[in-house]
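Have a look at the structure below, then the notes.
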Amino acid sequence: MAADDSIVLKLEEVHKQYENADRDPVPVLKGISLTVRRGDSVAIVGPSGSGKSTLLNILGSLDSPTRGSIQLDGEELAYLSEPELATIRNQKIGFIFQSHHLLPQCSVLENILVPTLAATGRAPADAAERARQLLERVGLGHRLTHRPAQLSGGECQRVAVVRALINRPSLILADEPTGALDHSTAESLGDLLVELNRDDQVTLIVVTHSAELAAKMGATRQLLDGQFASNAI
Amino acid sequence: MSTWSLVLKSFRFYARSHVGTLLGVAVGTMVLVGALLVGESVRGSLRDMAEARLGRVELALPSNDRLFRAELASQLRDELGTGTAALLQLPGVAKRPSGETRANNIVVMGVNEAFWKLALEQPEFAEIPEDSIVLNERLAKQLGVKKGNRVNLRVHNPSQLSRDAPMAPIEDSTASLAQLEVLAIVSDAEFGRFSLQASQVPPYNAFVSLGQLQEAIEKPAMANLMLVGQAQSPAKSPTTDQAQTALARHWQLADAQAQLLQLPDGKGIELRSPRVFLDPPLARAALEVSTEATEVLTYFVNKIQLGDKSTPYSMASALTDFEPGTIWLNQWTADDLQAKVGDEVELSYYTVGTMRQLEERTAKFTVGGIIAMDDPRADRTLMPEFPGMTDSANCADWDTGFPMDLDAIRDKDEDYWDTYKGTPKAYISLATGKEIWSNRFGNLTAVRYPQNGRAALDKLGQALLGKLSPTDTGLTFQAARAQASISVDNAMDFGQLFMSFSFFLIAAAVMLISLLFQFTMEKRTRETGTLLAVGIPARRVRRMLLLEGGLIALAGCIVGAVGGSLFARAMLNALSTNWKDAVASATLTYHSTGTAWATGASMGFLVALGTICWALRKLKKQTARELLAGESQEIPGTTKSAKRTTIIAVVLFLGALASVGAAIASGSQMSPNSFYTAGALLLLSGLAFTSARLTGLARVGALGQADGLSLSGLGQRNAARRRRRSMATVGMLACGSFMIASIGVFQKDANIDADNPGSGTGGFELMGEASIAVVHDMNDAAKRGDFYNLDEEIIKGVSFVPFRLRDGDQANCLNLNLAQEPRLLGVRPEMLAGKFSFTSTLKDLETGDNPWSILETARQALNLPDDIVPVIADQSVMMWALSGGDPMKSKKLGDTLDYIDEHGNAFKVKFVGQLADSILQGNLIIPESDFIKRFPSESGYRLFLIDGPEAKTKEISDELNNAMEDHGFEWVRTTQRLGELNAVQNTYLKTFQVLGGLGLLLGSLGLGVVVMRNVQERKSELALLRAIGFGKNSIKRFVLIEYISLLIGGLLIGTIAAGLAVLPAMLSPTADVPYALLGLTLGGVLLLAGMWTWLATNLSLRGNLLEGFRGD
């Protein structure tokens, strides 16, 4: 059967448990299955400790499952080496964290270009132009040479969004992207994400506690004690 | 935008955080560059000294007592096309005419203009006028004279006939030059330092006119040292082979101490030597040039006796014409003894014993015939030219050098002398003569040829020279400049030495680099995680951080290299003051080369980069997720690993106990090695226990933790959270205090146990070295009274051990240069029975009661060929002096060392025994019998060890100094001598302690860094404590407790282990434990580290702690 090109991400029976030197292993994810199609926007919600961040890390190949299958664009991540996973992260995934994680030593523009260094150690010639366009789009065209310390929290987070987009990924993973922002800034960032998802057909998975942000997404899955609750919103 | 620009941005942005790491790199580099610069400076100073002492000299031809024609030098100058100079170089004594100051062991040189032309700088004068003297600065200072003052000299008068030969005259053994006016005092560059021996201590040099010195010793136109200068282009300077070839072309029989004479009355031509006996190579050549050559051996006999009649003091010849067992008398003697054919006649004669001991021997012969006084065989020319005898008008005036019974000389004997001079009175067969009269100087006094006439004489001369080489008679050029280079290039490497002394300083710097860089990186874990998360490959991320570390290392190296120069200057300053004993008071000047900078900085860079690389290794183990979460926590050790470490600790502890037990059980003597091993095991055991304890404490919920929870318990548990950091600090402090405390007790005091014959003094009281050899037996009360005027009242009960001495390089730690041909001492082993201690002897050798006896027995036991001589040397000579401090090149028992003997023959000395550190350090000791065989011209004894009543030592020394003034004795107490030698090692240890202490102090700074970092990490916890009601002071106390316990723990582990390691040394009577210095060092570390901890705690906890809580 030919692969379904519309599926960006497919998880089947993903389990994750953490080993402990002196104690029994702690299970975090208990058989997660999920299919995400191109252009989807999915919110994953759930109480603290339900395994949301672990799931997001596994989706982003920052962590590996104890067992189960994860396919990104039809490619099984379990079989890839760390350098191959790094390439996948770089080319196909964009990350947005709760804390923006911008490099304090670099300007806004440089922060955005950091992911473009992965291939050759040098940013491609057109990358800077694309970065500028993206920054214009998020309203930060005038902040190119500013350092993160000179920006507000919302601005930093918007820079982080642009950084996630710079390599034209097929999937954006956002971990509590509005968690550290005030209400109005959070609102505007949520709108930005939705706009990007809609206009650029970027697939978006957001882990959040925020019901408002979750409501902006096309679908919501609730994670409870390491498993998806059946009641999809 | 590129990776590199990102690295640069990071480097700039985090510059302040990197300052600590950078300083760590700078300290490490400073120490390395500094140590290498010290090495360069020592080597450079030695090179300067070598340059000064040799000037433009390329080759040298020293011939000691074998004089050659000074004219040879000018002949070689023409042939080789370079400057040459002929010198007379003689040992001597100098004093002011008033007698107020004197200098022993000086070198007197008769020189001419040619000599000064070879100096680096020309002095103001060209030629030294008669009755003037030029001194070098050291001698002028010793004598306290300046230009225009007067100086008296007494010099050794080289005798062609060895002074050891009984017939050598005593009267002219020295010559004096009085009231010489000081013309100038020459600087080092003006050849003031001239010497062929490599030493950093300048000799006492006095220069006089060559002609005047030749005249004073009655050897006109002769010299005993030739110098050949460098060519204009040094690369084209003559080689030893070229010089040797030129010498062979120009030398004459006179240079081989030989002369061909036309005998009167057409009796042929005779080859004779002013040495009386023909050197064996000369005799061999003489017989080879003609089949008609006949051998002559004429000897001085004390008595020719027939029944109750005897003829005193006569010449007797051994010739080929006579039958063995028979003796022919001349008519005069036959009449005197009323002898007839068939009578039995007894000859009494002296044989050449050692120490000029005359052994009178007798031999019986049957009278085979009478030779008429007009018989050609009654030939007065058969008598060799005995100095002090041949030219005497009367028998009573003979200066034979041995006691004669003048009463035995009758008028008729004087008449015989007047009429017949030295005409032999008796003749025996050549074979018998060689059997009874041959000695180490030779077995012929002449070789005769039947030819006559000038042409025949010249032809024979040419033929003889053709059969001989200058080397055969001890005329061998030395590559003085090349040897000096080797000595300097292989000199003690102070660079390495200081690097090892600075080990702890470097280790502390490495620890700081590692800690500080790690801390900086830990602060940036999220940043690193982000880079990984956005897909930068982990390898590239590590490379970026390493590049950043490389930039820090580079900047640190540059700072350190500059600091290295200051460090080197500080060390050189210390070597010129407090640590001057380490370099035997040599004057050292700062020298820097690109090599030292480049090597030191590269080493510093590599060490720093290696450390940074090591610090980054943790990144490999951490995932992007962990890093993004800001996790840099150590994974706590498991119960299993804690148990394993405990078992290791117990095993190590039992090992330490077993080692001590075995050492005690094995015998009477406590083995230092076993105790040192035990100490090291105890140290490791202590560290393993600490590690296990910290692992145990770190486990949350460990049994009993909750029950016994206390503030101090919490503190300890906190220390355990960062077990590796804590262990790095404890380990550094423990190892450092162990090394410093244990090294300190190896200091030696020469005065302790000095009376023990097994000690380094050999139980002797005094050690003396003479400028001019002593030939008579000093243990013979009559002789020391007769010949040296020693007051028997004072000298009674004193025993002397004399050593023959062949000058060479001082092979001890007082000589920084590589000793290439160390001084040789010849001794009779029985005289040293029970003296000194041997660390080992070559296996297969039976030492019996007297290990010194192996010098005599080794030849047979090891079946040594003739060209190998057994030798005993001091441990440190074999370990260090002959290897330039390189352990890989050190000599072991069974190894050999090459020498050239007086006749130019190569021989080897083979190490058969090794002495514990002693006053004999610096010399190689061979049997006297071999010494005499190899160096027959080295007459008498120049080194003495004296045993006598301790209370009278000063009196004895004064008496010896006064009575034997002409010999230029330098007497020192053996304890003083040993102290000077020990001082080198003691200073090394002190240097190690001081630099090690500095390292430990720097290491203690690490504790402060750890405290700061840990408190930073735990700010929210501490805020919690504050929030739940703990006072700020009790929180400080709480933090202090945990780190002070680490500090004291580390120091205690190290010190207790060191105490065990050095227990035997501490209990040994020779140990001079520097408790004060030790206490000061460890106390200083405790204090300073305590201060860092207090400071770090206060700095970290200042401000409002609760802010940290809120910030979290």
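From first to last, the protein sequence lines stand for chains A and B.
For what it's worth, our numbering labels the leading residue of the first sequence as 2, then goes sequentially.
For what it's worth, our numbering labels the leading residue of the second sequence as 63, then goes sequentially.
C-beta atoms are modelled at their ideal positions from N, C-alpha and C, and glycine is treated no differently.
- Shown here for B:Gly431: same chain residues with a beta carbon closer than 7 angstroms to its own, the five before and five after excluded, namely Trp390, Val403 in chain order.
- As a beta-bridge residue in DSSP terms, B:Arg423 pairs with B:Tyr411.
- For the pair A:Ser153 and A:Thr204, the CB atoms are not nearer than the 9 angstroms cut-off.
- The C-beta of B:Tyr1105 has 16 or more other C-beta atoms within 10 Å across all chains shown, which makes the residue buried.
- Going by C-alpha positions, B:Leu537 is about 19 angstroms away from B:Asn219.
- Residues of the region 108-123 of chain A with a C-beta less than 7 angstroms from any C-beta of chain B: Glu111, Leu114, Val115, Pro116, Leu118, Ala119, Gly122, Arg123, listed in chain order.
- When the five nearest sequence neighbours on each side are left out, the beta carbons in the same chain lying within less than 7 angstroms of the beta carbon of B:Gly612 are those of Leu671, in order along the chain.
- The Cβ atoms of B:Thr535 and B:Pro336 lie no closer than 9 angstroms to each other.
- Cβ-Cβ separation between B:Pro532 and B:Trp313: approximately 5 angstroms, consistent with a contact (criterion under 8 angstroms).
- With 16 or more neighbouring CB atoms inside 10 Å of its own CB, A:His101 falls in the buried class.
- In this structure, B:Val207 keeps its C-beta atom at 9 angstroms or more from the C-beta atom of B:Pro153.
- For B:Asp341, no alpha helix (DSSP H) run applies, since DSSP gives it neither H nor E.
- Under the 9 angstroms criterion on CB atoms, B:Val596 is classed as interfacial with respect to chain A.
- B:Ala677 and A:Leu63 have their C-alpha atoms some 23 angstroms from each other.
- For B:Leu239, there is no enclosing alpha helix (DSSP H); the residue is found in the beta strand (DSSP E) stretching over 236-248.
- Using a 10 angstroms sphere on the CB of B:Lys953, the tally of other CB atoms reaches 16 or more, which defines it as buried.
- One Cα belongs to B:Met789, the other to B:Ala754, and the distance between them is close to 10 angstroms.
- Of the other Cβ atoms in all chains shown, 16 or more fall within 10 Å of the Cβ of B:Pro264; this residue is therefore buried.
- The beta-carbon of B:Arg786 is placed no less than 9 angstroms from the nearest beta-carbon of chain A.
- Taken atom to atom, the span from the alpha-carbon of B:Phe900 to that of B:Ile934 is near 9 angstroms.
- In the three-state scheme derived from DSSP, where H, G and I count as helix and E and B as strand, B:Asp1028 is classed as helix.
- Counting only Cβ-Cβ distances below 7 angstroms, A:Pro84 has contacts in chain B at Pro599, in chain order.
- Ranked by how close their Cα comes to the Cα of A:Asp201, the residues A:Ala44, A:Gly180, A:Leu166 have A:Leu166 in first place.
- Considering only B:Val1046, B:Ala844, B:Tyr375, B:Ala943, the residue with the shortest C-alpha distance to B:Gly870 is B:Ala943.
- Distances from the CA of B:Ala895 to each of B:Phe862, B:Pro913, B:Ala316 were compared; the closest alpha carbon is that of B:Pro913.
- DSSP places A:Ser70 in the strand class (E or B) of the three-state scheme.
- DSSP, read as helix, strand or coil, puts B:Trp641 in coil.
- Its Cα nearest to that of B:Lys487, the residue B:Asp398 stands out among B:Leu924, B:Glu422, B:Asp398, B:Gln872.
- Interface residue (Cβ-Cβ distance to chain B less than 9 angstroms): A:Arg164 is classified as such.
- Assigned with DSSP and collapsed to three states, B:Gln367 falls in strand.
- For B:Leu613, the closest Cβ of chain A is not nearer than 9 angstroms.
- For B:Leu1140 and B:Ala803, the gap between their C-alpha atoms comes out near 6 angstroms.
- Non-local beta-carbon contacts of B:Leu1113 in its own chain, meaning distances under 8 angstroms to residues more than five positions away in sequence, involve Leu795, Ala796, Ser799, Leu1144, Val1147, Leu1148 in chain order.
- Contact check between the region 318-327 of chain B and the region 547-561 of chain B: fewer than three CB pairs, one atom from each, fall below 8 angstroms, which does not count as touching.
- Taking a Cβ-Cβ cut-off of 7 angstroms, the neighbours of A:Pro105 in chain B comprise Phe75, given in sequence order.
- By DSSP's assignment, B:Ile620 forms no beta bridge with any residue.
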